[in-house]
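Enquirer: One structure follows; several queries about it will come next.
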Amino acid sequence: MPKTALIMSDAFAQYNLGKQHPLKPERVILTWELIKGLKLHEHPNCIVMEPRMATDEEIELVHSKEYINFVKRVDAALDQGPLPDDLEIEGMRYNLGPGDNPMFPKMHRGSAIVVGGTIVAMEAVHDGVVENAFQAGGGLHHAMANKAEGFCIYNDPAIAIKYILKKHAKENLRIMYIDVDAHHGDGVQAAFYDDNENVMTVSFHESGKFLFPGTGFMEERGTGKHEGLAINVPLLPYTYDDLYLDIFDDIVPKVVKAFQPDIIISQNGVDTHGTDPLAQLGLTTKGQRDIFKRIHELASKYCHGKLVALGGGGYNVSVVPRAWTMLFADLLGVLDTLPDKIPPEILAQLNNGRIHDNVPDAFLDAGPADDIKWRINDFKFLDEFELYGLQMRYQFNNEILPLIEKKARKW
Numbered sequence: 001m002p003k004t005a006l007i008m009s010d011a012f013a014q015y016n017l018g019k020q021h022p023l024k025p026e027r028v029i030l031t032w033e034l035i036k037g038l039k040l041h042e043h044p045n046c047i048v049m050e051p052r053m054a055t056d057e058e059i060e061l062v063h064s065k066e067y068i069n070f071v072k073r074v075d076a077a078l079d080q081g082p083l084p085d086d087l088e089i090e091g092m093r094y095n096l097g098p099g100d101n102p103m104f105p106k107m108h109r110g111s112a113i114v115v116g117g118t119i120v121a122m123e124a125v126h127d128g129v130v131e132n133a134f135q136a137g138g139g140l141h142h143a144m145a146n147k148a149e150g151f152c153i154y155n156d157p158a159i160a161i162k163y164i165l166k167k168h169a170k171e172n173l174r175i176m177y178i179d180v181d182a183h184h185g186d187g188v189q190a191a192f193y194d195d196n197e198n199v200m201t202v203s204f205h206e207s208g209k210f211l212f213p214g215t216g217f218m219e220e221r222g223t224g225k226h227e228g229l230a231i232n233v234p235l236l237p238y239t240y241d242d243l244y245l246d247i248f249d250d251i252v253p254k255v256v257k258a259f260q261p262d263i264i265i266s267q268n269g270v271d272t273h274g275t276d277p278l279a280q281l282g283l284t285t286k287g288q289r290d291i292f293k294r295i296h297e298l299a300s301k302y303c304h305g306k307l308v309a310l311g312g313g314g315y316n317v318s319v320v321p322r323a324w325t326m327l328f329a330d331l332l333g334v335l336d337t338l339p340d341k342i343p344p345e346i347l348a349q350l351n352n353g354r355i356h357d358n359v360p361d362a363f364l365d366a367g368p369a370d371d372i373k374w375r376i377n378d379f380k381f382l383d384e385f386e387l388y389g390l391q392m393r394y395q396f397n398n399e400i401l402p403l404i405e406k407k408a409r410k411w
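Shown next, in the form of structure tokens:
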């Protein structure tokens, strides 16, 4: 049995919000080029799978018919020429227009292929075709039921979770969603917040006090059947590798052990990097690699390795392909065999004629970003961060974990 599915297709490039938009298809394309340059896709443990278009019925598991129909109308209109004024105005009802969520050609088709790719990954893992899967084009975690949000048109993680729960309802599956993007996974949380005890959402992110979408505080714990199953860990700006991993290690293994998921689906945004232009966390590619490894280890320990790993944010294009290639190599079981440096001929191809900061030759950063370095050498800064980390862990262990463990006794 192949160990790892790689969901790969040029069709993902249809999800293109425009040349000036920070969510560039190039991030995913460069990741695939690096994976292919290293011939990881030819490894005997890998199977390359094509995505498919998600159906309207599947997308409706999360989104309203009204919203989907509008997105399809925009798609059809842009095939004919410029968008008519009436659709420009109507788009405001759905948070579509100039800014974060522009309307773009093939908007429905590009979004539906992303959703379909994540469903393909989820099905392959659930059905035992593979142990785990990587879908770099997925992870659009902000989209809400009736509107676009945060560069996201359709919420592929939430749709894939609801799809597999519905298709295999008799199995009473438990799905854990772990989100390590710099931005709170608000759309996925909202999809399950008050009515589902088969899904746990865990989000590590820069605090909403400082960053979009302004949510994801520890007090957001779910309601009704879902109470205690929404876990939020808001981090301070400039949180660095060691502090992040200390907090992660004190929280995530405990909730995975209590919840005992059948499948883990992770959103692996790399806008947590210290050089990312749209967030203020302070991780290096080494810290990001170590987070990915921990999630994979938890899946191996608690759910027979069943892990669906998605992409997500990450707006420094020199970081994304390095971080996500390490993620894929770890899923494939060959992380330790990656070269320290990207071979020159592959690096030249990645950087040939690209409009972005050149991809460095090393997978691991030489050290933290400059504005992180001086902070981690400042004892006052370190003391404040250590205290914040202790307070969060205390609140989790004394208020949130008991709720989860109480639920666990009923499972």
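Using the working numbering, the first residue of the sequence shown is number 1, and each one after it goes up by one.
Think of the CB as a built atom: it goes at the ideal place given N, C-alpha and C, for glycine as much as any other residue.
Ordered along the chain, which non-local residues of its own chain (more than five positions away) have a Cβ less than 6 Å from that of K341?
Expert: The answer, listed in chain order, is D361 and A362.
Enquirer: Where does Y163 fall in DSSP's three states?
Expert: If DSSP states are grouped into helix, strand and coil, Y163 belongs with the helices.
Enquirer: Determine contact between the stretch 235-247 and the stretch 281-293, defined as no fewer than three beta-carbon pairs at a distance below 8 Å.
Expert: In short, these stretches touch, since the Cβ pair count reaches three.
Enquirer: Use the C-beta contact count for E422: other C-beta atoms within 10 angstroms, 16 or more gives buried, fewer gives exposed.
Expert: This structure cannot speak to residue 422, because the chain is shown only from 1 to 411.
Enquirer: Can you say whether T31 is buried or exposed, counting buried as having 16 or more other CB atoms within 10 angstroms of its CB?
Expert: So T31 counts as buried.
Enquirer: So, are the CB atoms of Q288 and A323 less than 8 Å apart?
Expert: Yes.
Enquirer: From G137 to C46, what does the alpha carbon distance come to, in whole angstroms?
Expert: When rounded, the distance between both Cα atoms is 18 Å.
Enquirer: Can you tell me where the alpha helix (DSSP H) holding M107 begins and where it ends?
Expert: Element bounds for M107: M107 to H126.
Enquirer: Expressed to the nearest angstrom, what Euclidean distance is found between the alpha-carbon atoms of F204 and E384?
Expert: Straight-line Cα distance between these residues: approximately 19 Å.
Enquirer: Can you tell me whether I89 is buried or exposed? The criterion is at least 16 other CB atoms within 10 Å of its CB, across all chains shown.
Expert: So I89 ends up on the exposed side.
Enquirer: Which full runs of the beta strand (DSSP E) of 3+ residues lie inside the stretch 187-259, going along the chain?
Expert: Counting whole runs of 3 or more residues, the stretch 187-259 contains the beta strand (DSSP E) stretches 199-206 and 230-235.
Enquirer: Which term fits E206, buried or exposed, when burial requires 16 or more other beta carbons within 10 angstroms of its beta carbon?
Expert: By the 10 Å Cβ count, E206 comes out buried.
Enquirer: Do you know whose CA, among V129, R27 and S9, lies nearest K3's CA?
Expert: K3 has its Cα closest to that of V129, out of V129, R27 and S9.
Enquirer: Measuring only the C-alpha atoms, how far is G37 from R375?
Expert: For G37 and R375, the distance between alpha carbons rounds to 37 Å.
Enquirer: By a C-beta neighbour count over all protein chains shown, 10 Å radius and 16 as the cutoff for buried, is H304 buried or exposed?
Expert: Per the 10 Å Cβ criterion, exposed.
Enquirer: So, does the stretch 58-67 touch the stretch 158-173, judging by three or more C-beta pairs under 8 Å?
Expert: Yes, the stretch 58-67 is in contact with the stretch 158-173.
Enquirer: Whose CA, out of M218, Y244, L243 and T201, lies closest to the CA of H226?
Expert: The option with the nearest alpha carbon to H226 is T201.
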